[in-house]
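Peer 1: Residues 480 to 767 in our numbering are what the sequence shown spells out, letter by letter.
Below: one structure in structure tokens.
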Amino acid sequence: MAEFNIYRFLDLAGGVKIDDLDWELCARIGISDVEERILRYMGDTESHTILYMRDLLAGHSTRDPEITAFLSAWVYEELCHGRAISRLLKEVGRPDEEDRYTKVTAGSSVREFVEAALSHAAAYLSPRFIAVHMTWGAINEATAAAAYQQMEERTANPVLAKLINRMARQERRHMAFYWHQAQKRMKDDPAARKLVNFAIKRFWTLVGSGVGGDENLAFISAHLFADEAARAALVKAEENIRELPGMEWFDLLTKQSQAKADEWVARHGPGRYVTNDAQALAAGVVSA
Ligand SMILES: [Fe+2]
Ligand SMILES: [Fe+2]
480 MAEFNIYRFL DLAGGVKIDD LDWELCARIG ISDVEERILR YMGDTESHTI LYMRDLLAGH
540 STRDPEITAF LSAWVYEELC HGRAISRLLK EVGRPDEEDR YTKVTAGSSV REFVEAALSH
600 AAAYLSPRFI AVHMTWGAIN EATAAAAYQQ MEERTANPVL AKLINRMARQ ERRHMAFYWH
660 QAQKRMKDDP AARKLVNFAI KRFWTLVGSG VGGDENLAFI SAHLFADEAA RAALVKAEEN
720 IRELPGMEWF DLLTKQSQAK ADEWVARHGP GRYVTNDAQA LAAGVVSA
């Protein structure tokens, strides 16, 4: 895993750049229904990052200057990802409904609420709980980066491809922070490793499964991570996590994603990632 320097991260931190994107071209090519559904899920997850931060920023983690500095910049970057996705959806004529944030927040599950409360409370019990949050964060950032990368490789819309490439790069930086924090806290501490193992095995689920909705998660697994190349991206993300002390067993990312994809296929048949190839051809751009 690449080194991480918090000061460099803070110097580079900021909202994803969108002011140079060719929105006119983006609108002319548009996006497919499949892409809209994936982007909405990602956008909802991104714009609800503040709720995850509420749970992360508790107890012992509030006393760690590196963590508080990172989270301050991180939450803003994620908010900007959500805003960038909303902007793109609007530009292609598929705007969010007015009160989407409120509706999505209200729809997040009771289970998620209980888990968040437990996680918040646990953060006060032991400084070791930070290791759980950091490992959790590393897994989720790696998943988000893999999802964006898969979309970038498949979409026919070069503007969407450019935007998600920029977001994926930020996700990888986030991943590096969480990963190094997790590693530092677990390497000489068997009790921390034990706690992380227990918590991840017992509670971890794919990112956004509460806010984004279970059916949408199954849709994404079946449409974005269905083929060999996409599964390889998840395996790679998993391998990064396995390099953490005590996490050599970690296989939940591929297992849960496969289970979700199977659920979708059983109910609706195989998923197919549809792109706006004809529009891209008409606009004179080569498929991304
Ligand atoms: Fe993000
Ligand atoms: Fe991120």
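C-beta: ideal position from N, C-alpha, C; glycine also.
For GLU786, count neighbouring C-beta atoms within 10 Å of its own C-beta (all shown protein chains included) and say buried if the count is 16 or more, exposed if not.
Peer 2: What the structure shows of the chain is the stretch from 480 to 767, and residue 786 is not part of that stretch, so it cannot be assessed.
Peer 1: Quick check on this structure: which residue in TYR657, GLU525, GLN629 and ALA655 has the alpha carbon closest to the alpha carbon of ASN644?
Peer 2: Locating residue 644 in the sequence shown gives position 165, where the first residue counts as 1. It is GLN629 whose Cα lies nearest to the Cα of ASN644.
Peer 1: In its own chain, which residues sit with a C-beta less than 7 angstroms from the C-beta of ALA625, not counting the 5 before and 5 after it?
Peer 2: The count along the sequence shown starts at 1 and reaches residue 625 at position 146. Contacts found: ALA712, LEU713 and ALA716.
Peer 1: Excluding five sequence neighbours on each side, which residues of the same chain lie with their C-beta closer than 7 angstroms to the C-beta of GLU742?
Peer 2: The sequence position of residue 742 within the sequence shown is 263, counting from 1. Within the same chain, GLU742 has close Cβ partners ALA697.
Peer 1: Inspect the beta-carbon positions of ALA610 and ALA671 and report whether they are closer than 9 angstroms.
Peer 2: Within the sequence shown, residue 610 is the residue found at index 131, counting from 1. Within the sequence shown, residue 671 is the residue found at index 192, counting from 1. Contact flag set, yes.
Peer 1: Assign SER766 to one of three DSSP states: helix, strand, or coil.
Peer 2: The sequence position of residue 766 within the sequence shown is 287, counting from 1. Unreliable positioning characterises SER766 in this predicted model, as indicated by a pLDDT of 47, which lies under 50. The coordinate reading is nonetheless provided below. Here SER766 sits in coil by DSSP.
Peer 1: Hey, out of LEU703, ASN636, HIS612 and GLY750, whose CA is closest to TRP683's CA?
Peer 2: Taking the first residue of the sequence shown as 1, we reach residue 683 at position 204. Nearest to TRP683 by alpha-carbon distance, out of LEU703, ASN636, HIS612 and GLY750, is HIS612.
Peer 1: In chain order, what residues of the same chain have a beta carbon less than 7 angstroms from the beta carbon of VAL686, not counting five sequence neighbours either side?
Peer 2: Here residue 686 is taken as the residue at index 207 of the sequence shown, counted from 1. THR524, ASN619, THR622 and ALA623.
Peer 1: Classify ALA752 as helix, strand or coil using the three-state DSSP reduction.
Peer 2: Start at 1 with the first residue of the sequence shown, and residue 752 comes out as number 273. Reading off the sequence shown, one finds Tyr at residue 752, where the question assumed Ala. DSSP, reduced to helix, strand and coil, places TYR752 outside both helices and strands of the structure shown, so it counts as coil.
Peer 1: Is ARG633 buried or exposed, if buried means 16 or more other CB atoms sit within 10 Å of its CB?
Peer 2: On the sequence shown, residue 633 is found 154 positions in, with the first residue counted as 1. By the neighbour-count rule (16 or more Cβ atoms within 10 Å), ARG633 is buried.
Peer 1: Around the C-beta of GLY561, are 16 or more other C-beta atoms found within 10 angstroms, so that it is buried, or is it exposed?
Peer 2: By 1-based counting over the sequence shown, the position of residue 561 is 82. By the neighbour-count rule (16 or more Cβ atoms within 10 Å), GLY561 is buried.
Peer 1: Relative to ligand 1, is the shortest distance from any of its heavy atoms to the C-beta of HIS539 smaller than 8 angstroms?
Peer 2: In the sequence shown, the residue the question calls residue 539 occupies position 60. No, since every heavy atom of ligand 1 falls outside the 8 angstroms radius drawn around the Cβ of HIS539.
Peer 1: I need the boundaries of the alpha helix (DSSP H) containing ARG516, first residue and last residue.
Peer 2: To locate residue 516, count along the sequence shown from 1; it is residue 37. Where ARG516 is concerned, the enclosing alpha helix (DSSP H) stretches over 512-526.
Peer 1: Excluding the 5 residues preceding and the 5 following ALA767 in the sequence, name in chain order all residues of the same chain whose CB lies nearer than 6 angstroms to its CB.
Peer 2: Counting from one through the sequence shown, the residue named residue 767 turns up at place 288. Here ALA767 scores only 46 on pLDDT, less than 50, and its place in the model is too uncertain to base an answer on.
Peer 1: Start and end of the alpha helix (DSSP H) containing ARG607?
Peer 2: Mapped onto the sequence shown, residue 607 falls at position 128. Boundaries for ARG607: no alpha helix (DSSP H) harbours it, and the DSSP string shows neither H nor E there.
Peer 1: Measuring CB to CB, does ASP534 end up less than 9 angstroms from SER598?
Peer 2: If you number the sequence shown from 1, residue 534 lands on position 55. If you number the sequence shown from 1, residue 598 lands on position 119. Their beta carbons are under 9 angstroms apart, which means ASP534 touches SER598 by this criterion.
Peer 1: Classify MET613 as helix, strand or coil using the three-state DSSP reduction.
Peer 2: The count along the sequence shown starts at 1 and reaches residue 613 at position 134. Helix, per DSSP.
Peer 1: Taking the C-alpha atoms as reference points, what is the distance between ASN484 and LEU760?
Peer 2: Here residue 484 is taken as the residue at index 5 of the sequence shown, counted from 1. Here residue 760 is taken as the residue at index 281 of the sequence shown, counted from 1. About 43 angstroms.
Peer 1: Looking at the structure shown, is ILE497 part of a helix, part of a strand, or coil, going by DSSP?
Peer 2: By 1-based counting over the sequence shown, the position of residue 497 is 18. In this structure, ILE497 counts as coil in the three-state DSSP scheme.
Peer 1: Have a look at TYR657 and ASP512 and give me their C-alpha separation to the nearest angstrom.
Peer 2: By one-based count along the sequence shown, residue 657 stands at place 178. By one-based count along the sequence shown, residue 512 stands at place 33. Rounded to whole angstroms, TYR657 to ASP512 spans 33 angstroms at the Cα level.
Peer 1: Check whether the Cβ of ALA617 sits closer than 8 angstroms to any heavy atom of ligand 2, and report yes or no.
Peer 2: Within the sequence shown, residue 617 is the residue found at index 138, counting from 1. No, the beta carbon of ALA617 sits no closer than 8 angstroms to any heavy atom of ligand 2.
Peer 1: Leaving out five residues before and five after ASP575 in sequence, what residues of the same chain have Cβ atoms less than 7 angstroms from its Cβ?
Peer 2: Taking the first residue of the sequence shown as position 1, residue 575 is located at position 96. Cβ within range, chain order: SER565 and LEU568.
Peer 1: Might you give, ordered along the chain, the residues of its own chain that have their beta carbon closer than 6 angstroms to the beta carbon of GLN660, omitting 5 neighbours on each side?
Peer 2: Here residue 660 corresponds to residue number 181 of the sequence shown, with the count starting at 1. Same-chain partners within the cutoff: MET613.
Peer 1: Within 10 Å of its beta-carbon, does LEU491 have 16 or more other beta-carbons around it, so buried, or fewer, so exposed?
Peer 2: Against the sequence shown, residue 491 aligns to sequence position 12. LEU491 comes out exposed.
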